[in-house]
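Protein chains in written order, with this note's numbering: chain A, 1 to 257; chain B, 1 to 257; chain C, 1 to 257; chain D, 1 to 257; chain E, 1 to 257; chain F, 1 to 257. A virtual CB, placed ideally from N, CA and C, is assigned to each residue, including glycine. Quick caveat: nothing in here was measured; it's all calculated off a predicted structure. Scroll down for the structure; my scribbles are underneath it.
6 protein chains.
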Amino acid sequence: MSKWIHKNNWRDMEELIEESKGVAIIPVGSTEQHGYHLPLGTDTYVAITLAEAAAKETKVVLAPPIWFGWSPHHMVLPGTITIRPEVLIEYLYDVIESLTQHGINKYILINGHRIVNIIWMQLAAERAQRKLGIKVKIFDPAYMSKDIVKELGFGPVGHAEEIETSHMLYCYSELVNMEKAEDNPIKPVDLYSVDPSYPNDTLCYVPSTIEVAKEHAEKAGGTTGEPTKASKEKGKIYHEHLVKNLVKIIKDLQQEN
Amino acid sequence: MSKWIHKNNWRDMEELIEESKGVAIIPVGSTEQHGYHLPLGTDTYVAITLAEAAAKETKVVLAPPIWFGWSPHHMVLPGTITIRPEVLIEYLYDVIESLTQHGINKYILINGHRIVNIIWMQLAAERAQRKLGIKVKIFDPAYMSKDIVKELGFGPVGHAEEIETSHMLYCYSELVNMEKAEDNPIKPVDLYSVDPSYPNDTLCYVPSTIEVAKEHAEKAGGTTGEPTKASKEKGKIYHEHLVKNLVKIIKDLQQEN
Amino acid sequence: MSKWIHKNNWRDMEELIEESKGVAIIPVGSTEQHGYHLPLGTDTYVAITLAEAAAKETKVVLAPPIWFGWSPHHMVLPGTITIRPEVLIEYLYDVIESLTQHGINKYILINGHRIVNIIWMQLAAERAQRKLGIKVKIFDPAYMSKDIVKELGFGPVGHAEEIETSHMLYCYSELVNMEKAEDNPIKPVDLYSVDPSYPNDTLCYVPSTIEVAKEHAEKAGGTTGEPTKASKEKGKIYHEHLVKNLVKIIKDLQQEN
Amino acid sequence: MSKWIHKNNWRDMEELIEESKGVAIIPVGSTEQHGYHLPLGTDTYVAITLAEAAAKETKVVLAPPIWFGWSPHHMVLPGTITIRPEVLIEYLYDVIESLTQHGINKYILINGHRIVNIIWMQLAAERAQRKLGIKVKIFDPAYMSKDIVKELGFGPVGHAEEIETSHMLYCYSELVNMEKAEDNPIKPVDLYSVDPSYPNDTLCYVPSTIEVAKEHAEKAGGTTGEPTKASKEKGKIYHEHLVKNLVKIIKDLQQEN
Amino acid sequence: MSKWIHKNNWRDMEELIEESKGVAIIPVGSTEQHGYHLPLGTDTYVAITLAEAAAKETKVVLAPPIWFGWSPHHMVLPGTITIRPEVLIEYLYDVIESLTQHGINKYILINGHRIVNIIWMQLAAERAQRKLGIKVKIFDPAYMSKDIVKELGFGPVGHAEEIETSHMLYCYSELVNMEKAEDNPIKPVDLYSVDPSYPNDTLCYVPSTIEVAKEHAEKAGGTTGEPTKASKEKGKIYHEHLVKNLVKIIKDLQQEN
Amino acid sequence: MSKWIHKNNWRDMEELIEESKGVAIIPVGSTEQHGYHLPLGTDTYVAITLAEAAAKETKVVLAPPIWFGWSPHHMVLPGTITIRPEVLIEYLYDVIESLTQHGINKYILINGHRIVNIIWMQLAAERAQRKLGIKVKIFDPAYMSKDIVKELGFGPVGHAEEIETSHMLYCYSELVNMEKAEDNPIKPVDLYSVDPSYPNDTLCYVPSTIEVAKEHAEKAGGTTGEPTKASKEKGKIYHEHLVKNLVKIIKDLQQEN
């Protein structure tokens, strides 16, 4: 039986909520440019595939995916859709509030869109915790894979780079076009990086200005990093590492009352 | 090649936007109870299947589906998710505004959720037309099938009734559970009906109060109408009628500059 | 004794609320162009006259009229005033919330402005029902007269057409200037109509773009329909039909607890 | 010819706007308790009568009246309607913005509701001036009559007191019920008064708490002041003083470009 | 021990709240031009010095100062910072709501920015009183000194005039540059004044349009009034008068339960 | 000459803006519990001292400090003030917009309140960059000291721990009460840490629920970490490291046009 709410009728859902011990996953992604070789829906696919994999190993409710995120800096390339963060906060809050009325009280927000979405998700999560008396965890692949990326020989977190590309190659190879992949190596920048594991000093992340975004778009089609180093095998290790941790978090939450 | 934005990379998207002559479909549904026999995602599936069918016959851009609508009166049954209409207006507006930046200037909003979603979609559509200088049409299956439902022997528009059930049987039979379908025939009500083709006097639609919704939920599991009269064959006729009109609207829009 | 709140002092009001069994009418109109021959306040006058007529036959509280509605598409002609629908929703909600504190728990919103106002009134009505535990009905003359307009030989619902003109001739003849009335017959449009009783397929209503509105304004001074076919006699039949139904709705509500 | 927008058709309005040299009056009142002897609409009637009187002596556009204001402290007595000030600001702003599109660029807001409405009207007025490049004056009878009230033997500004009562007696005697008038003399309060001409130290006005409002309501039915001292003759002098100043302001504005 | 919240740790604060009998001062100012001779922070310094003086004579909690107010009309001169009033209302409300959770239930808002800030502070104060069940007083030096300014030979309330300058000379002489002070005497204006003690007729205050503000800025560097008449001695008398009244208000509030 | 806007008059400010080459610092802090030994204003003091130190070595404009941040999880201890993040975003945006009108186009937001404030500052910063065409950097001491804290023997980032305490001892020793400092060592938590340099896997930060916050408050008075290990000497090294980087960022910005 599927764990997706939208594929079930309400009586099956009633049962599934009971079995889940009140734990639901909400997959949150984006629709934004991912270089020449990855589809615009990459971030949402990442969230969906992790949710489905965890649902195979645990009883957990899966909310329908949220396909749009906050992507103002990627609007320079066609197909990108961006929603104002103040709207996304309210939208996500209402999803959580609705499910809370049906007895779900522990949420894992899987963020396929990395640091940009985390910002507004934190605001929605805090308000939901405080107002609804529930628990919310934000599961972000980039943060959750810090200890494995070095082993895999991946460079720092960029955009449409070897990490995302390997993951997509393993889970959705039909949507990846490796011949078109183009590298745009990340050069160390003084006092700045978006990579959460970057060891140097850092200024905090603010999405790029339009000028910087345009430059970036012209250079390598919006890629930051080295997608040509990606492989399905590395994607598999990365994916399984994430799923293992996600399953652990679900089980921990199910043991809390 | 898929017409869904999320399945393409931005360079393919650029080409597809060009070929579409600026016409995009945004499928809008809901996640709400649909009786004992239909999945919670029914309204969104309806919007998706129409979008995909039209995309087979025309060049048109398909935006990722919006899985949540305004469903306050269905919150009495588990799994239903409702977003405040003031949030949905802003959300949809941002989707349209984003795509307008990429050269799309004619939109068809397919509404799988009938009269309830139409309300806030009209507000978003008007603002988008006025502020962005574009055109927006709202395509609603219930309105668009007025001249065919009588022929098919369907009763008035209800909820999870023979119309929706036939459509789902034809397009997503694996998600329909006909053995569980239960009828709740629609009795004529004085001065009121939600059916747009209902000939008598009428008060305007306002979503049910919680009390009425609870009564309704207890009676036939949230169904209004006679789903046992549904059939795949009728679903086919109904679907093709809708697709034919949808294709016509797309082609008309493509001829406008 | 007048039933209008603004004409009474609070002690008389206290008594009147008691006698009304908790039923109030809120007349909602607009200030917008109505062709060469009807005053800008037509929609509000329509709501006021119906409210006053019903108040002669029943005990019911009348709230002061709301003179402004949502009229973005009529801004091309002078004197039109439009309020953003998101503001109107809050405004109307506050009126209802205030009266609910004084013991009124059943509301009839008389909409003189037809399909355009219904949209935001539905949103206010739903929220009021849900948050305040009250009942709200939307009474719209165009919907409520479906079964009578054909008999009267009226064409489809337009703007400042024979229906509104007849009604104004009967109730406010001093404000109508029949010599200036100019016809602009409604031609059947494929897949579209704003008339709720129109039998063909239909796309849902969205207020006209500025371009279409300008064209329309230049053509017949903003009229759509055939006002020269109006008469005081037809206006009388139309008015009495509406009042009869309105009185019935008030009495039905008074019998509910 | 009437100067009220709602009584004219758009072509007459076009002419009237031209003749007014861009000056419009927007009458703003309230629907709130006014003691045992005055109607709930008193504040709006005050604004309307001043607008009409000035319109007899000058060419000026009159917008339809706004019947609801901010009256949280009067909600303790039935019939009172209060709108949140943040909603009123947006509502009034939209009225001004609409009329500005039709060539009106100088506004006089007549405030029948005294110090409570002034607050939000100032915010709307400032924003309208800054964003629309127009001029807005707020005309408040209590401020505008400082030099005449002493002569007339009136006490300080209260509520439903001799000033308002005299004015209503002169302009709308049929709505005043003098036998029911009950006095509630204003005792000097240390460090505080709402009267703009009060000479002592003062804390700034904040609408009463519910507790204070309840006490007040029980004492003299919501009256503050001495309505039994009112007379039609004093009302005439007061009214004419206000109209004279209002006409002067209109003429001054008409001479500015 | 300091009474400023920010200088204490929470345990000392706990004690101080207890001793204050629930009374707190929130100093609210602005950062805006004050002519050639006074610092941009003048309004906030005024609020701070009054708060500190009162705190020497009573047990009262002092919230950290709010350095920004509503100053749209002073944006023509550099350094001025203005916040939208709708934002300031929410900001101040949250400060009050936070402190209410810690047991403070009586507030004095000291307004160093005169009539412009009063507007939005009234809205925040009313909401806080009604929603939180607390008491809020607005203490404004211009209103609170009506009976003393004439004695001191001060002219009407202007901007950066002899009143503010004397006060700053007494409390913060190191921030005043008397050699640069330039007079701009206030000429009587028909039907208008911002001075709360002005005896004639008056239109209500609305912040100046940009055009008027520019003219004003060019004339005397933003000063309105006669700062060269200021003196430290007069500032002392003015300051002590204000502090005496402020202390009285605090003590009165402490005796209420 | 002071660089603080509020201490200067507008003509000096005009000059200072010119000299700064358009670079301003906005110090943003909080008023929240900081254990038994640090004042509630600690976060704001941290931002202020860094701003002042940098202003000694460069020409830079200093905006008045923002004393309130987002602190929902510290409301369990008295004196804490929290503002809703959606309000803070608008507030900060308006500060930036105001200064941009005066010619400042490069901003450094110094965040004394660590990870909690960063969230809403990122949203304000992005919007300001996009809408105003300016540059905004967020300078956070915890991020900016990653490479130095280990050397100093500091444990992970907590709250009121040895890092903040050392910094306050060096810059504001009179506000620190070391005898009251109480340790609450940070125990490694599986899959979670708020320390940006923490090497393990991590869930993203969400402010604590009220339950967790209460537990925390009872345990060590709100401290997380080991303040008894703090020293003035370490504070000096830490401070100077931060100031050096801050000065570098200012100078880099001044060289950009």
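Close-in-space but distant-in-sequence residues of the same chain around residue i (CB under 6 Å, 5 per side omitted)
{"i": "A/Pro141", "result": "Leu242"}
{"i": "D/His74", "result": "Glu32, Gln33, Thr80"}
{"i": "D/Tyr172", "result": "Tyr45"}
{"i": "A/Gly235", "result": "Ser166, His167, Leu169, Tyr170"}
DSSP-derived helix/strand/coil call for residue i
{"i": "A/Ile159", "result": "For clarity, residue 159 of chain A is His in the given sequence; the question names Ile instead. In the structure shown, A/His159 sits in a strand (DSSP, three-state: E or B)."}
{"i": "F/His113", "result": "coil"}
{"i": "E/Leu77", "result": "coil"}
{"i": "C/Trp120", "result": "helix"}
{"i": "E/Gly69", "result": "strand"}
{"i": "F/Asn245", "result": "helix"}
{"i": "F/Ala63", "result": "coil"}
Chain-order list of residues whose beta-carbon lies under 8 Å from that of residue i (same chain, five-residue window excluded)
{"i": "E/Ile148", "result": "Ile237, Tyr238, His241"}
{"i": "A/Ser231", "result": "Ser166, Leu169"}
Residue i versus residue j - alpha carbon distance
{"i": "E/Gly221", "j": "E/Glu179", "result": "14 Å"}
{"i": "C/Gly29", "j": "D/Lys248", "result": "33 Å"}
{"i": "B/Leu253", "j": "C/Leu38", "result": "35 Å"}
{"i": "D/Gly69", "j": "B/Ile48", "result": "47 Å"}
{"i": "D/His34", "j": "D/Leu40", "result": "6 Å"}
{"i": "A/Glu15", "j": "A/Tyr91", "result": "26 Å"}
{"i": "F/Ile25", "j": "F/Leu109", "result": "6 Å"}
{"i": "F/Ala54", "j": "A/Thr44", "result": "43 Å"}
{"i": "E/Trp4", "j": "F/Leu88", "result": "22 Å"}
{"i": "C/Tyr36", "j": "D/Met13", "result": "11 Å"}
{"i": "E/Asp94", "j": "D/Tyr205", "result": "21 Å"}
{"i": "D/Lys244", "j": "E/Leu203", "result": "14 Å"}
{"i": "E/Ala63", "j": "A/Lys137", "result": "34 Å"}
{"i": "F/Ile118", "j": "A/Tyr143", "result": "17 Å"}
{"i": "F/Lys266", "j": "C/Glu218", "result": "For residue 266 of chain F there is no data in the structure shown, the boundaries of chain F being 1 and 257."}
Below-8 Å beta-carbon distance, residue i vs any chain F residue
{"i": "A/Val157", "result": "no"}
{"i": "A/Thr58", "result": "no"}
{"i": "E/Lys187", "result": "no"}
Any C-beta of chain C under 8 Å from that of residue i
{"i": "D/Leu38", "result": "yes"}
{"i": "B/Arg114", "result": "no"}
Expected contact under 8 Å - CB spacing of residue i and residue j to nearest Å
{"i": "A/Gly79", "j": "B/Trp10", "result": "5 Å"}
{"i": "D/Gly153", "j": "D/Gly225", "result": "Going by Cβ atoms, the distance from D/Gly153 to D/Gly225 rounds to 13 Å, so no, they are not a contact pair."}
{"i": "D/Val60", "j": "D/Lys214", "result": "About 42 Å separates the two Cβ atoms, so there is no contact after all."}
Other residues of its chain near residue i: CB distance less than 7 Å, five sequence neighbours each side excluded
{"i": "A/His102", "result": "Ile17"}
Closer than 8 Å to chain D by CB, residue i
{"i": "E/Leu203", "result": "yes"}
Any non-hydrogen atom of the ligand FMN closer than 7 Å to residue i Cβ
{"i": "F/Gln129", "result": "Of ligands this structure carries none, so the ligand FMN is not represented either."}
C-beta neighbour in chain E for residue i, strict 8 Å
{"i": "D/Phe139", "result": "yes"}
Chain B within 8 Å of residue i, Cβ atoms only
{"i": "C/Tyr93", "result": "no"}
{"i": "C/Lys106", "result": "no"}
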